[in-house]
Ligand code: SF4
Ligand code: SF4
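Residue numbers (the working numbering): 389 to 475.
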């Protein structure tokens, strides 16, 4: 699994999550309007979730329906295909 950054990060990008991530898998690019998590590097520790002031970060399985497109966005930003969920 991975954790996913979603829409509310837009316009904030305050980097709080970056400061607590133990494996430095949260990236920022000038061309991105949010920070994004590298799905293959994230170790699912959840430390980033509570420090986000705008509640933008969710476990992949818990991303609300209205933010689902952000899952693909996190994966494709790193040229990764999303793993097919196991039944
Ligand atoms: S869940 Fe942990 S490893 Fe994954 S992005 Fe958040 S802080 Fe980093
Ligand atoms: S803590 Fe939340 S708002 Fe701040 S950069 Fe990370 S995801 Fe974006």
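We treat Cβ as the ideally placed atom computed from N, Cα and C, and that holds for glycine.
Minimum C-alpha distance to residue i - residue among the options
i	options	result
residue 406	455, 421 and 416	416
residue 463	444, 398, 396 and 426	426
residue 442	456, 408 and 401	401
Neighbourhood of residue i by C-beta distance below 6 Å, restricted to the same chain and skipping five residues each side
i	result
residue 431	411
residue 421	398
residue 437	445
Nearest-angstrom Cβ-Cβ length linking residue i and residue j, presumed shorter than 8 Å
i	j	result
residue 448	residue 393	Their Cβ separation, rounded to whole angstroms, is 11 Å, which puts residue 448 and residue 393 out of contact at 8 Å.
Close Cβ partners of residue i (< 7 Å) along its chain, the five nearest in sequence each way excluded
i	result
residue 460	470
residue 468	427 and 428
residue 361	Nothing about residue 361 can be reported from this structure: the residues present for the chain run from 389 to 475 only.
residue 439	404, 405 and 408
Cβ-based burial, residue i [other Cβ within 10 Å; buried from 16]
i	result
residue 387	Missing from the structure shown is residue 387; the chain here goes from 389 to 475 and no further.
residue 444	buried
residue 475	Residue confidence for residue 475 is low, a pLDDT of 49 falling below 50, so the modelled location carries little weight; the figure read from the coordinates is stated next. Residue 475 should be labelled exposed.
residue 409	buried
residue 433	exposed
Close beta carbons around residue i, own chain, < 8 Å, minus the five adjacent residues each side
i	result
residue 423	393, 397, 401, 403, 405, 406, 414, 415 and 416
residue 435	408, 409 and 410
When you get a sec, list the residues whose CB is within less than 7 Å of any heavy atom of ligand 2, chain order please.
-> Those residues having their beta-carbon less than 7 Å away from any non-hydrogen atom of ligand 2 are, in chain order, 393, 396, 397, 400, 401, 402, 403, 404, 405, 406, 414, 422, 423, 436, 439, 440, 441, 442, 444 and 445.
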